[in-house]
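Enquirer: 391 is the number of the first residue of the sequence shown in my numbering; add one for each residue after it.
Dumping the structure here so I can ask a few things about it.
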Amino acid sequence: MPNPTFFITTYGCQMNKNDSERIAGLLSSLGFQSTEEESGADLILVNTCSVRQSAEDRVYGSQEKYLEYKKKKPNMIVAVTGCMAGRDKAGAFRKQLPATDLYFPTPDMIHLPKWIAELRPELVNSEALESDYLKLHPLRAPSVQAYVTIQTGCNKFCTYCVVPYARGLERNRPVKDILEECRELIAHGVVEITLLGQTVNSFRASDPEHFSKHNPFHDHFAALLWELNQLDGLVRLHWTAAHPLSMTDEVIAALALSKQMNYLHLPVQSGNTEVLRRMNRKYTREHYLEVIRKIKEARPEIALGTDIIVGFSGETRKQFADTLSLYREVDFDISYNAQYSPRSGTMGIKLFKDDVGKAEKRERWDELQALMEETALRKNQVYKDQTISVLVDRVEHGLASGNSNEMKFVRFPSQDQSLVGKIVPMQITQAKAWVLEGCQFSPSFV
Ligand code: SF4
391 MPNPTFFITT YGCQMNKNDS ERIAGLLSSL GFQSTEEESG ADLILVNTCS
441 VRQSAEDRVY GSQEKYLEYK KKKPNMIVAV TGCMAGRDKA GAFRKQLPAT
491 DLYFPTPDMI HLPKWIAELR PELVNSEALE SDYLKLHPLR APSVQAYVTI
541 QTGCNKFCTY CVVPYARGLE RNRPVKDILE ECRELIAHGV VEITLLGQTV
591 NSFRASDPEH FSKHNPFHDH FAALLWELNQ LDGLVRLHWT AAHPLSMTDE
641 VIAALALSKQ MNYLHLPVQS GNTEVLRRMN RKYTREHYLE VIRKIKEARP
691 EIALGTDIIV GFSGETRKQF ADTLSLYREV DFDISYNAQY SPRSGTMGIK
741 LFKDDVGKAE KRERWDELQA LMEETALRKN QVYKDQTISV LVDRVEHGLA
791 SGNSNEMKFV RFPSQDQSLV GKIVPMQITQ AKAWVLEGCQ FSPSFV
């Protein structure tokens, strides 16, 4: 009998993508094979995101397609997991998923073998392998870059956010497991690792005895960064997403470690203290700016990114103007801007009225977006005629491309596939808002 097949669709953040890699790893250990042909798969799995209504609507919308598939392949299993299943305590979303056979929050993926065996006993001959889903081995496509989840869930309860309900409270992986996974990745050719956590820098180790005796840091996240910096073969280290309150002096000092990328993503969400209070971000504008000041002192050339929500409940024009002024003051390199969309189950929907109109939200978003593009272009101009290092992650259609140490997208003409996975010095000839163009490199690879 041929191996059973699976097809995974993933919505949302890098954390979800890493969870899908874990599910793929689990299914492979059961003998399943990945397929490109969704309609013929034995198991279709959808890993959902609840950050925006549009992401959830796409999941509802795809049910019709799965029902059609099932007409030709009635024993196909459709499974839905991720944030929608995690936050659907009353089962209201489940009722709108008629094609779905299995519906479970992310951590319950460990039960998949048992559930599949109940539905299709011929497909599975073993039971669950682990008791904690974070111990499952992700199945990654071969790459020189890898994401490593060190934490899941969140304790912060920002009033607009579904994560604490969808993923539960913060849980951190043991240092020992994280270091083992990173060593294994490096042994398989990975040179750049991105640590993932909802508030990654609040990481607390359950096994601090696994930090080296001569590790200079006491803050557990800074200590973890130091340990990773000692790993031979690792060239670049990055982490996301940081919370301003957990940017301790030690974490800021660790930004200067040699393998740390020259980029930090530090979500601010709003530049107005009253809006931040309603968002339950637990810091003020002044606190955020003070953290940025210290970061720039520790690493003056660092590129900075952020997340901003415009049109949060009660946000006045004047309060929005504070966000624009904070953007200018920090001089961010990039910002992921969102128009506030109330999510069921959050405190935001219970406590506040969504009283900023759609058109006004759009206008504020456009204004912020324009400021971001103008700033990005100006900041990128600085790289013109400079030589920067680029980790090449693809060569196609006559162009090699990858990210600089500052997380800028860089491309240059090349057909040389052997560049993939190498870090090359690149001279920048043209700087646009979202791309740096190079025309030459000298082949002194790392
Ligand atoms: S810190 Fe706030 S926005 Fe980030 S995951 Fe936690 S609750 Fe959500």
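No residue lacks a Cβ here, since even glycine has one placed at the ideal position from N, Cα and C.
Quick caveat, the model's predicted, so the values are computed rather than measured.
Mind checking who residue 854 pairs with in its DSSP beta bridge?
Expert: No information on residue 854 is available, as it lies outside the stretch 391 to 836 that the chain covers here.
Enquirer: Roughly how many angstroms separate the alpha carbons of residue 691 and residue 650, rounded to a whole number?
Expert: 13 Å
Enquirer: Among 659, 648, 418 and 429, whose alpha-carbon lies nearest the alpha-carbon of residue 616?
Expert: 648
Enquirer: Could you check where the beta strand (DSSP E) with residue 682 kicks off and where it finishes?
Expert: Element bounds for residue 682: not the beta strand (DSSP E) but the alpha helix (DSSP H), 675-688.
Enquirer: Is the closest heavy atom of the ligand SF4 to the C-beta of residue 439 under 6 Å?
Expert: no
Enquirer: Figure out for me which residue from 637, 608 and 673 has the closest Cα to the Cα of residue 688.
Expert: 637
Enquirer: Less than 8 Å between C-beta atoms, sequence neighbours within five positions excluded: which residues of the same chain meet that for residue 676?
Expert: 663
Enquirer: How about residue 544: is its Cβ closer than 6 Å to a heavy atom in the ligand SF4?
Expert: Result yes, Cβ under 6 Å from the ligand SF4.
Enquirer: Give me, in chain order, the residues of the same chain whose beta-carbon lies closer than 7 Å to that of residue 776; leave out the 5 immediate sequence neighbours on both sides.
Expert: 818
Enquirer: So, using beta-carbon positions, are residue 359 and residue 453 closer together than 7 Å?
Expert: The displayed coordinates of the chain run from 391 to 836. Any statement about residue 359 would go beyond what the structure contains.
Enquirer: Check each candidate in 760, 699 and 417 and name the one with the smallest Cα separation from residue 526.
Expert: 417
Enquirer: Rounded to whole angstroms, what is the Cα-Cα separation between residue 807 and residue 816?
Expert: 16 Å
Enquirer: Confirm, please, whether the CB-CB distance from residue 802 to residue 825 is below 7 Å.
Expert: no
Enquirer: Would the stretch 582-595 count as touching the stretch 610-624 if we require 3 or more Cβ pairs under 8 Å?
Expert: By the Cβ test, the stretch 582-595 is in contact with the stretch 610-624, since at least three Cβ pairs between them sit closer than 8 Å.
Enquirer: Do residue 555 and residue 404 have their C-beta atoms closer together than 7 Å?
Expert: No, these two residues do not count as a Cβ contact at 7 Å.
Enquirer: Quick one: is the Cβ of residue 553 within less than 6 Å of any heavy atom of the ligand SF4?
Expert: yes
Enquirer: At a cut-off of 6 Å, would you count residue 729 as near the ligand SF4, judging by its Cβ distance to the nearest heavy atom?
Expert: no
Enquirer: Any heavy atom of the ligand SF4 inside 6 Å of the beta-carbon of residue 709?
Expert: no
Enquirer: Counting only the same chain and skipping the five closest in sequence on each side, list residues whose C-beta sits under 6 Å from that of residue 665.
Expert: 702, 705 and 709
Enquirer: Which of the three DSSP states, helix, strand or coil, is assigned to residue 835?
Expert: Confidence at residue 835 is low in this model, with a pLDDT of 43, below 50, so its placement is unreliable and the value that follows should be read with caution. Here residue 835 sits in coil by DSSP.
Enquirer: Measuring only the C-alpha atoms, how far is residue 694 from residue 796?
Expert: 9 Å
Enquirer: Under the assumption that residue 406 contacts residue 548 (Cβ atoms under 8 Å), give the Cβ distance between them as a whole number of angstroms.
Expert: Actually they do not touch by this definition, with Cβ atoms about 18 Å apart.
Enquirer: Nearest CA to the CA of residue 715: which residue from 582, 658 and 629?
Expert: 658
Enquirer: Among the candidates 580, 546 and 540, whose CA atom is the shortest distance from the CA of residue 566?
Expert: Per the Cα distances, 540.
Enquirer: Starting from the C-beta of residue 754, find all residues in its chain whose C-beta is less than 7 Å away, skip the five residues before and the five after it, and write them out in chain order.
Expert: 700, 701 and 710
Enquirer: DSSP state of residue 600, grouped into three classes?
Expert: helix
Enquirer: List the whole-angstrom C-beta distance separating residue 396 from residue 432, where the pair is believed to meet the contact cut-off of C-beta under 8 Å.
Expert: 7 Å
Enquirer: Report yes or no: do the stretch 780-792 and the stretch 723-743 share at least 3 C-beta pairs separated by less than 8 Å?
Expert: no
Enquirer: DSSP on residue 655, reduced to helix/strand/coil?
Expert: Secondary structure of residue 655 (DSSP, three-state): strand.
Enquirer: Measuring alpha carbon to alpha carbon, tell me which residue in 411, 400, 761 and 740 is nearest residue 719.
Expert: 761
Enquirer: Using DSSP's beta-bridge definition, name the partner residues of residue 423.
Expert: BP columns for residue 423 point to 395.
Enquirer: Residue 620 by DSSP, collapsed to three states: which one?
Expert: Three-state result, residue 620: coil.
Enquirer: With distances taken Cα to Cα, identify the nearest neighbour of residue 584 among 632, 773, 686 and 512.
Expert: 632
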